[in-house]
Amino acid sequence: MKKKITVIGDVMIDWYLHGESSRISPEAPVPVVNFKESKFQLGGAANVANNLKHLEIEPFLIGAIGNDHFGSLLKEHLKAEKIKFNLLTEKSFQTICKQRLMSSNQQLARIDYEKYFHGSKLTNLFNTFIKNIAKTDLIIVSDYGKGTIFNARKLIQSAKKLKKKILIDPKGKDFTKYKGANLITPNKAEFENIMGKVGSKRDLANKAKKMLEHLNLESLIVTLGSQGMYVLTKSNKKIIGDFINAYPQEVFDVSGAGDTTISALGAALSEGNDIFSAAEFANLAASISVSKLGTSTVSKNEVASLVASKGNKEQVIVFTNGCFDIIHSGHLDLLKEARSYGDKLIVGLNSDKSVSKLKGPERPIIGQSERKKILSALKFVDEVIIFNEENPLKLIKKLKPSILVKGADYAKEQVIGGEFVESYGGEIKLVKLTKGKSSSKIINKLS
Numbered sequence: 006m007k008k009k010i011t012v013i014g015d016v017m018i019d020w021y022l023h024g025e026s027s028r029i030s031p032e033a034p035v036p037v038v039n040f041k042e043s044k045f046q047l048g049g050a051a052n053v054a055n056n057l058k059h060l061e062i063e064p065f066l067i068g069a070i071g072n073d074h075f076g077s078l079l080k081e082h083l084k085a086e087k088i089k090f091n092l093l094t095e096k097s098f099q100t101i102c103k104q105r106l107m108s109s110n111q112q113l114a115r116i117d118y119e120k121y122f123h124g125s126k127l128t129n130l131f132n133t134f135i136k137n138i139a140k141t142d143l144i145i146v147s148d149y150g151k152g153t154i155f156n157a158r159k160l161i162q163s164a165k166k167l168k169k170k171i172l173i174d175p176k177g178k179d180f181t182k183y184k185g186a187n188l189i190t191p192n193k194a195e196f197e198n199i200m201g202k203v204g205s206k207r208d209l210a211n212k213a214k215k216m217l218e219h220l221n222l223e224s225l226i227v228t229l230g231s232q233g234m235y236v237l238t239k240s241n242k243k244i245i246g247d248f249i250n251a252y253p254q255e256v257f258d259v260s261g262a263g264d265t266t267i268s269a270l271g272a273a274l275s276e277g278n279d280i281f282s283a284a285e286f287a288n289l290a291a292s293i294s295v296s297k298l299g300t301s302t303v304s305k306n307e308v309a310s311l312v313a314s315k316g317n318k319e320q321v322i323v324f325t326n327g328c329f330d331i332i333h334s335g336h337l338d339l340l341k342e343a344r345s346y347g348d349k350l351i352v353g354l355n356s357d358k359s360v361s362k363l364k365g366p367e368r369p370i371i372g373q374s375e376r377k378k379i380l381s382a383l384k385f386v387d388e389v390i391i392f393n394e395e396n397p398l399k400l401i402k403k404l405k406p407s408i409l410v411k412g413a414d415y416a417k418e419q420v421i422g423g424e425f426v427e428s429y430g431g432e433i434k435l436v437k438l439t440k441g442k443s444s445s446k447i448i449n450k451l452s
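So the sequence shown is numbered by the numbering used here: it starts at 6 and just counts up by one.
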């Protein structure tokens with residue numbers, strides 16, 4: 006069953022105008038942009054909810070919008086992503102929109118459509134929050150300082166009463182309003198705004214400890230951009246901290262990186278991970294986010310692929326794939342032999358959507374989460390990555406395995422990704438199949 010996370014905060018819509026520019030205007034020293042396309046994406050707390058959805062969490066979004074076009078667009082996009090929400094419409098409020106003019110992957114200008122309002126007008130917002138958090142596993146507060154989070158202390162107290170973890174992406178010059186939260190995640194600029202300029206790693210660690218103690222936090226994570234993050238937490242009456250290095254990626258756009266970080270932390274913590282494991286996961290997710298253009302989401306599979314590619318450089322990586330719908334002894338024999346060819350076996354697993362395309366609308370019999378769980382429990386399987394495409398070529402190109410394994414019912418030239426793997430010196434191994442063993446045969450017998 007998917008974990009449930011309540012997200013409350015400043016919702017917004019991001020509007021991207023893409024075009025090409027090759028000359029300067031004769032009217033003023035500004036570029037002339039030939040418009041190509043317009044795109045809307047979920048932003049702020051709505052982007053947090055969208056990231057959670059893509060991380061296989063069930064989010065519930067609480068926020069406020071105006072009675073306007075941008076508010077309607079925001080709701081349409083949430084419905085399209087199948088995100089549950091309760092957005093209060095306030096007539097005096099303008100739905101926040103950030104319009105960005107883009108050319109050649111560069112941001113030329115940004116226009117903000119917003120009007121600050123005091124969230125105390127939204128009495129029903131807090132009632133919705135109280136009603137919902139009893140059914141949630143964790144709470145994320147996405148505070149962009151736009152007025153929705155007018156009483157963070159009240160939110161924290163309510164969460165504590167119900168013993169729910171509350172994570173906050175903070176904003177502003179007064180962090181005392183976040184006192185008692187389980188975790189806050191300021192970036193370096195936000196942290197320095199409160200604690201003063203940071204001179205060294207030791208200085209950062211000392212100032213972080215002061216903040217943790219002063220605000221009575223369980224944990225504190227300071228995100229440091231290209232330098233990674235600093236994680237500090239209370240553990241067995243001790244305070245322990247560690248720096249986590251950023252994973253090197255080409256940076257295209259930092260918009261929404263904080264949303265991805267808090268989402269990934271929430272997802273990992275709700276599933277029982279400790280703070281350091283959750284931070285490692287969030288660090289990888291954020292590094293993927295900044296490699297994409299615009300406010301973007303990151304999936305578990307993307308993080309798993311990045312983790313796998315990190316470990317692939319010195320190991321002999323073996324890859325095989327399949328639907329594995331009703332796992333039988335033939336599957337076990339193939340996987341066991343595949344693992345014997347190298348140091349690590351990665352299994353590409355067709356998603357439910359992918360299986361339906363290949364096998365028909367009645368399949369799969371067993372859902373992707375269960376199939377992944379069963380495969381992951383096998384001692385000779387090191388990692389399972391779900392893919393949505395009909396074949397695993399895209400995943401194979403990401404992982405670059407040393408050895409590609411398929412059943413001997415295939416000819417080498419028929420193996421998807423075989424030509425690519427052989428192009429850099431990899432091998433294709435065809436494993437003899439166990440006679441009479443087939444998921445389709447088992448399903449036919451049962452029907």
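Where a beta carbon is used, it is the ideal one built from N, C-alpha and C, also for glycine. Remember, predicted model here, so these are calculated numbers, not experimental data.
Looking at the unbroken alpha helix (DSSP H) that takes in residue i, where does it start and where does it end?
i      : result
THR266 : 262-275
ASN211 : 206-219
PHE286 : 280-294
ASN192 : Here ASN192 belongs to no alpha helix (DSSP H), and DSSP marks it neither H nor E.
VAL38  : Not the alpha helix (DSSP H): VAL38 falls in the beta strand (DSSP E), residues 36-49.
Can you tell me which of the options puts its alpha carbon nearest to the alpha carbon of residue i?
i      : options                           : result
SER268 : ALA251, THR190, ASP338 and LYS215 : THR190
ASP357 : GLY365, PRO369, ILE351 and TYR346 : PRO369
THR153 : LYS297, LEU337, THR94 and LYS169  : THR94
VAL436 : GLU25, GLY412, LYS176 and ILE421  : GLY412
ILE244 : GLU218, VAL323 and PHE90          : GLU218
ASP279 : GLY263, GLY430, SER334 and GLU223 : GLU223
GLU81  : TYR429, LEU354, ILE18 and THR439  : ILE18
THR439 : PHE90, ASP338 and ASN211          : ASP338
ASN250 : ARG376, LEU289, ASN91 and PHE155  : LEU289
GLN99  : THR325, GLY201 and LYS120         : LYS120
THR128 : GLU197, PHE155, LEU113 and GLN112 : PHE155
HIS59  : LYS103, THR265, PRO34 and LYS212  : THR265
ASP73  : LEU92, ALA50, ILE62 and GLU63     : LEU92
ALA51  : LEU350, PHE281 and SER301         : SER301
THR325 : ILE62, SER27 and ILE421           : ILE421
LEU83  : VAL53, LYS178 and LYS103          : VAL53
SER108 : PHE122, PRO366, VAL386 and LYS41  : LYS41
SER1   : ALA33, ASN39 and VAL146           : The structure shown does not extend to residue 1, since the chain is modelled only from 6 through 452, so no value can be given for it.
LYS242 : VAL295, ASN221 and PHE286         : ASN221
SER407 : LEU340, GLY372, LYS362 and GLN320 : GLN320
GLN232 : SER205, LYS215, SER240 and PHE134 : SER205
Using 8 angstroms for Cβ pairs, my map puts residue i next to residue j. What's the rounded Cβ distance?
i      : j      : result
ARG105 : LEU237 : 34 angstroms between Cβ atoms; not a contact.
LYS176 : ASP148 : 5 angstroms
GLY68  : GLY14  : 6 angstroms
SER66  : ILE101 : Note that residue 66 is Leu in the sequence shown here, rather than Ser. 14 angstroms between Cβ atoms; not a contact.
GLU86  : ASN55  : 6 angstroms
LYS377 : ILE391 : 6 angstroms
LEU209 : ASN187 : The pair is not a contact, with the Cβ atoms about 21 angstroms apart (cut-off 8 angstroms).
ARG158 : LYS182 : 6 angstroms
ALA272 : LEU57  : 6 angstroms
LYS103 : ASP117 : 6 angstroms
ILE293 : LEU404 : Not confirmed; about 15 angstroms, so no contact.
Considering only residues of the same chain and omitting the five flanking positions on each side of residue i, which have a CB-CB separation below 6 angstroms?
i      : result
LEU468 : Residue 468 is absent from the model: the chain starts at 6 and stops at 452.
LEU400 : GLY353 and PHE392
ILE332 : ILE379
ASP387 : LYS349 and LEU350
Which same chain residues end up closer than 7 angstroms to residue i when comparing Cβ atoms and leaving out the 5 residues on each side of it in sequence?
i      : result
GLY423 : LEU409, LYS417 and ILE433
GLU276 : LYS8
ASN393 : SER356, LYS358 and SER359
Counting along the chain, where does the beta strand (DSSP E) carrying residue i start and finish?
i      : result
ARG28  : 16-29
LYS89  : 89-94
LEU350 : 349-355
LYS170 : 170-174
LYS107 : According to the sequence shown, residue 107 is Met rather than Lys. Its beta strand (DSSP E) spans residues 101-108.
VAL227 : 224-228
GLY246 : 243-249
MET234 : 234-240
Which residues in the same chain have their Cβ closer than 8 angstroms to the Cβ of residue i, if we skip the five residues on either side of it in sequence?
i      : result
LYS212 : PHE196, MET200, GLY201 and VAL203
ILE70  : VAL16, GLY76, LEU79, LYS80, LEU92, LEU93, THR94, GLU95, PHE98 and THR100
TYR4   : Since the displayed the chain opens at 6 and closes at 452, residue 4 lies outside it and no answer follows.
I'd like to confirm something about residue i: is its beta-carbon nearer than 6 angstroms to some heavy atom of the ligand PLP, or not?
i      : result
GLY230 : The model on display carries no ligand, and the ligand PLP is accordingly not part of it.
Any alpha helix (DSSP H) of 4 or more consecutive residues that is wholly inside the stretch 119-167: If we require 4 residues or more, the alpha helix (DSSP H) runs fully inside the stretch 119-167 come out as 128-138 and 157-166.
Taking the runs of the beta strand (DSSP E) that are 3 residues or longer, which of them lie wholly in the stretch 296-347? 322-327, all fully within the stretch 296-347.
Could you pull out every unbroken alpha helix (DSSP H) segment of at least 4 residues lying fully inside the stretch 366-450, listed in chain order? Annotation: the stretch 366-450 contains the following complete segments of the alpha helix (DSSP H) (minimum length 4 residues), in chain order: 373-381, 398-404 and 423-428.
Report the start-end ranges of each beta strand (DSSP E) in the stretch 62-87 that is 3 residues or longer and not cut off at the edges. Counting only runs that start and end inside the stretch 62-87, the beta strand (DSSP E) elements of at least 3 residues fall at 63-70.
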